[in-house]
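Q: Chains as they are written, first to last, in our numbering: chain L, 0 to 265; chain V, 116 to 442. First the structure, which I've put down as structure tokens, then a few questions once you've had a look.
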């Protein structure tokens with residue numbers, strides 16, 4: 000009995016230590032979050048409105064070795080701040096990023112697409128000429144393409160797409176089903192199926208290049224089920240929160256991406 | 116001239132001593148390159164392991180063992196030595212996982228993309244694997260004693276015939292073990308895996324074994340190379356790179372990902388414990404994602420079950436054939 004109680008005492012001692020360890024980490028994390036939000040508020044107060052954000056970003060990105068052609072924002076478990084997502088979209092135009100996708104595995108972003116549209120209108124002050132709504136949006140095809148602004152054709156376009164959980168594995172399942180149908184009608188043989196065929200078909204459906212950079216919002220690092228086929232060589236960077244994201248944070252992430260060296264297996 | 120000798124001679128002596136020490140350190144590793152070994156943890160490390168085990172420990176951890184070549188460059192040794200050290204680290208990590216109660220581990224040993232490397236390096240890697248798989252078969256008793264089930268996932272047809280035979284033998288030998296599972300991704304990419312799963316399903320429909328309505332997420336999962344394993348709960352990538360490099364893209368949808376800024380041969384128990392702490396803190400937020408993914412699985416019809424059983428049987432038959440092939 001003495002041995003039993005000594006064992007259970009040791010057991011609860013380990014348990015207490017484990018709990019204390021996690022409490023300590025939570026406390027440190029809380030302090031870090033407070034510090035970041037205080038710093039953000041201070042930055043906002045001291046913000047010099049002398050330089051246009053657009054020019055600032057386009058000047059800065061010229062210093063980077065590379066800029067992604069397709070950026071994804073994975074919202075994760077955060078509540079959606081449409082204003083901040085719209086800001087990121089506009090900064091992408093300034094940075095020369097041609098494709099932006101927003102991923103919310105809950106599907107709320109897809110449901111509330113009009114909110115994002117409204118936020119983008121506000122941020123661009125109605126000049127939505129640069130924005131092309133991709134195949135994965137409800138607004139796709141609804142807006143008449145004009146492309147001119149004061150008689151000048153704006154060259155930098157941003158394709159916007161919104162994804163949810165069903166666009167990942169679900170899209171592959173749908174593709175498999177359609178290939179099965181083609182096989183039944185004799186248009187294709189199973190022996191002919193390979194990576195390239197699947198890639199071509201998925202590309203045709205989505206009309207976007209594979210994402211090169213993904214920003215995961217929140218503390219948890221996970222793909223949350225985002226497009227498994229397309230994230231083969233995507234760089235994943237953690238963004239503490241997309242709420243009140245500043246230009247500085249955005250540029251820091253692009254700078255980190257610029258430093259990544261891809262070897263592609265070689 | 117004598118001055119120069121006086122300066123260089125001590126340097127030479129020091130270099131000579133260092134090279135002997137280095138050899139001494141690496142010689143034991145040349146001899147004891149076993150897959151399964153005894154615990155190397157100090158008492159304080161074991162204490163920390165005991166503490167961490169009070170929280171949730173992932174049942175299946177996947178590793179991208181990156182950084183062998185950079186390690187070799189950093190230490191001025193040959194690339195193959197870097198890979199060899201990498202194998203050492205793998206064996207050590209397996210022991211740590213056993214100590215932690217992690218019953219399944221999947222490691223990314225060789226990607227199909229790695230065939231693009233110089234012929235010299237590919238041949239050296241193949242030779243290293245040949246030695247390792249041969250050794251694995253020699254350690255048969257240890258494997259059976261510890262109940263280790265070895266599975267090699269990937270497109271084995273891309274490998275040299277003799278290695279295919281060794282792999283098949285190892286897999287058949289250990290297929291009924293169920294205490295610990297070691298999956299080695301060899302000649303593997305996630306896209307190739309997903310493509311062959313789609314091909315298997317289409318083939319099933321062509322044969323009339325399946326209907327189009329049977330094609331669900333769950334069916335595709337069962338056609339993957341990893342069909343007999345649960346999805347990894349934690350994915351660890353070393354060397355500081357922050358991408359998945361075509362590794363288990365289908366299976367890590369709900370996994371906690373940990374990018375460790377350390378080269379694989381320098382990976383330590385502390386890094387592993389840090390990854391598990393991160394997992395413990397992320398778990399609650401990932402459960403709903405797993406549940407949503409589960410819900411999207413779809414149902415499994417009678418035809419699907421029969422198809423899956425047939426597929427598993429045909430894969431086993433291929434392995435049996437390979438293991439008996441005349442090399």
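We treat Cβ as the ideally placed atom computed from N, Cα and C, and that holds for glycine. Just so you know, these numbers come straight off a predicted model, no measurement behind them.
(1) If contact is defined by three or more beta carbon pairs under 8 Å, each pair taking one atom from either stretch, is the stretch 391-405 of chain V in contact with the stretch 17-29 of chain L?
(2) Residue range of the beta strand (DSSP E) that residue 226 of chain V falls in?
(3) To the nearest angstrom, report how far apart residue 29 of chain L and residue 38 of chain L are at their CA atoms.
(4) Can you give me the Cβ contacts of residue 274 of chain V inside the same chain, cut-off strictly under 8 Å, excluding the 5 residues immediately before and after it?
(5) Give a yes or no on whether the minimum CB-CB distance between residue 357 of chain V and chain L is below 7 Å.
(6) When the distance is taken between beta carbons, is residue 295 of chain V closer than 7 Å to residue 226 of chain V?
(7) Over what stretch of residues does the alpha helix (DSSP H) that includes residue 283 of chain L continue unbroken?
(8) Determine the direct distance from the alpha carbon of residue 119 of chain L to that of residue 221 of chain V, and round the result to whole angstroms.
(9) Using the C-alpha atoms, what's the distance from residue 299 of chain V back to residue 218 of chain L?
(10) Identify each residue in the stretch 209-227 of chain V for which the Cβ-Cβ distance to at least one residue of chain L is less than 7 Å, and report them in chain order.
(11) How far does the alpha helix (DSSP H) with residue 282 of chain V in it reach, from first residue to last?
(12) Are the stretch 373-388 of chain V and the stretch 190-202 of chain V touching, with three or more C-beta to C-beta distances below 8 Å?
(13) Using the beta-carbon of each residue, which ones in chain L are nearer than 7 Å to residue 320 of chain V?
(14) When you compare the CB positions of residue 211 of chain L and residue 358 of chain V, do they come within less than 7 Å of one another, or not?
(15) Alpha carbon to alpha carbon, how far is residue 77 of chain L from residue 171 of chain L? Give it in angstroms, no decimals.
(16) If the criterion is Cβ atoms closer than 7 Å, does the pair residue 372 of chain V and residue 220 of chain L meet it?
(17) Indicate whether residue 130 of chain L and residue 157 of chain L have their beta-carbon atoms separated by less than 7 Å.
(18) Quickly, what does DSSP pair residue 72 of chain L with across the bridge? List them, please.
(19) Could you give the distance in angstroms between the alpha-carbon of residue 176 of chain V and the alpha-carbon of residue 124 of chain L?
(20) Can you have a look at residue 205 of chain L and say buried or exposed, based on whether 16 or more other CB atoms are within 10 angstroms of its CB?
(21) Quick check on DSSP: helix, strand or coil for residue 377 of chain V?
(22) Can you pull the chain V residues whose beta carbon is under 7 Å from the beta carbon of residue 227 of chain L, in chain order?
(23) Check for me: the beta strand (DSSP E) holding residue 132 of chain L runs from which residue to which?
(24) Which same chain residues end up closer than 8 Å to residue 153 of chain V when comparing Cβ atoms and leaving out the 5 residues on each side of it in sequence?
(25) Residues in its own chain within less than 7 Å of residue 267 of chain V by CB, not counting five upstream and five downstream?
(26) Which chain V residues are close to residue 20 of chain L, counting only those with a beta carbon under 7 Å from its beta carbon?
(27) Could you name the residues of the same chain whose beta carbon sits closer than 6 Å to that of residue 105 of chain L, not counting the 5 residues immediately before and after it, in chain order?
(28) Between which two residues does the beta strand (DSSP E) carrying residue 246 of chain V extend?
(29) Using a beta-carbon distance below 7 Å, is residue 189 of chain L in contact with chain V?
(30) Pairs of beta-carbons, one from the stretch 77-87 of chain L and one from the stretch 223-241 of chain L, closer than 8 Å: are there three or more?
(31) Under DSSP, the alpha helix (DSSP H) around residue 312 of chain V begins and ends at which residues?
(32) Could you name the residues of chain V that residue 169 of chain L contacts, counting a contact when the two beta carbons are closer than 9 Å?
(33) For residue 436 of chain V, count neighbouring Cβ atoms within 10 angstroms of its own Cβ and tell me buried if that reaches 16, exposed if not.
(34) Check residue 396 of chain V in the structure and name its three-state DSSP category.
(35) Quick check on the DSSP output: the beta strand (DSSP E) that includes residue 160 of chain L runs from which residue to which?
(36) What whole-angstrom Cβ distance do residue 476 of chain V and residue 429 of chain V have, given they're in contact under 8 Å?
A: Reading from the atomic positions:
(1) Short answer: they touch.
(2) Where residue 226 of chain V is concerned, the enclosing beta strand (DSSP E) stretches over 219-226.
(3) Taking the straight line joining both Cα atoms gives about 14 Å.
(4) Correct list, in chain order: 241, 282, 301 and 302.
(5) For residue 357 of chain V, a Cβ of chain L is located within less than 7 Å of the residue's own Cβ.
(6) If you check the CB distance, residue 226 of chain V and residue 295 of chain V do not come in under 7 Å.
(7) Residue 283 of chain L cannot be examined here, being either before or after the span of chain L that is shown, 0 to 265.
(8) One C-alpha to the other measures close to 44 Å.
(9) Their Cα atoms are separated by approximately 30 Å.
(10) Per Cβ criterion, the list reads 226.
(11) That run of the alpha helix (DSSP H) goes 276-289.
(12) With the rule of 3 Cβ pairs closer than 8 Å, the stretch 373-388 of chain V counts as touching the stretch 190-202 of chain V.
(13) Ordered by position in chain L, the residues that pass the 7 Å Cβ test against residue 320 of chain V are 179, 182 and 183.
(14) Their beta carbons are not under 7 Å apart, which means residue 211 of chain L does not touch residue 358 of chain V by this criterion.
(15) The alpha-carbon separation between residue 171 of chain L and residue 77 of chain L amounts to approximately 27 Å.
(16) Yes, the Cβ-Cβ distance between residue 372 of chain V and residue 220 of chain L is below 7 Å.
(17) Going by C-beta atoms, residue 130 of chain L is nearer than 7 Å to residue 157 of chain L.
(18) Residue 72 of chain L is bridged to L:101 and L:214.
(19) Distance from the CA atom of residue 176 of chain V to the CA atom of residue 124 of chain L, rounded to whole angstroms, is 49 Å.
(20) In this structure residue 205 of chain L is buried. Its beta-carbon is surrounded by 16 or more other beta-carbon atoms within 10 angstroms.
(21) DSSP places residue 377 of chain V outside both helix and strand once states are collapsed to three, so it counts as coil.
(22) Near residue 227 of chain L (Cβ distances below 7 Å), the residues of chain V are 364, 365 and 368.
(23) Start and end: 130-132.
(24) 210, listed in sequence order.
(25) These residues qualify, in order along the chain: 282, 286, 299 and 301.
(26) Simply 166.
(27) Here the set comprises nothing.
(28) Here residue 246 of chain V belongs to no beta strand (DSSP E); instead the alpha helix (DSSP H) covers 234-253.
(29) Answer yes: the Cβ-Cβ gap between residue 189 of chain L and chain V drops below 7 Å somewhere.
(30) The stretch 77-87 of chain L and the stretch 223-241 of chain L touch, with no fewer than 3 CB-CB distances between them shorter than 8 Å.
(31) First-last of the alpha helix (DSSP H) with residue 312 of chain V: 305-322.
(32) Neighbours of residue 169 of chain L on chain V, chain order: 332 and 411.
(33) Classification of residue 436 of chain V: exposed, given that the 10 Å Cβ count is below 16.
(34) The answer is helix: DSSP assigns residue 396 of chain V an H, G or I state.
(35) That run of the beta strand (DSSP E) goes 157-162.
(36) A question about residue 476 of chain V goes unanswered here, because the residues of chain V that appear run from 116 up to 442.
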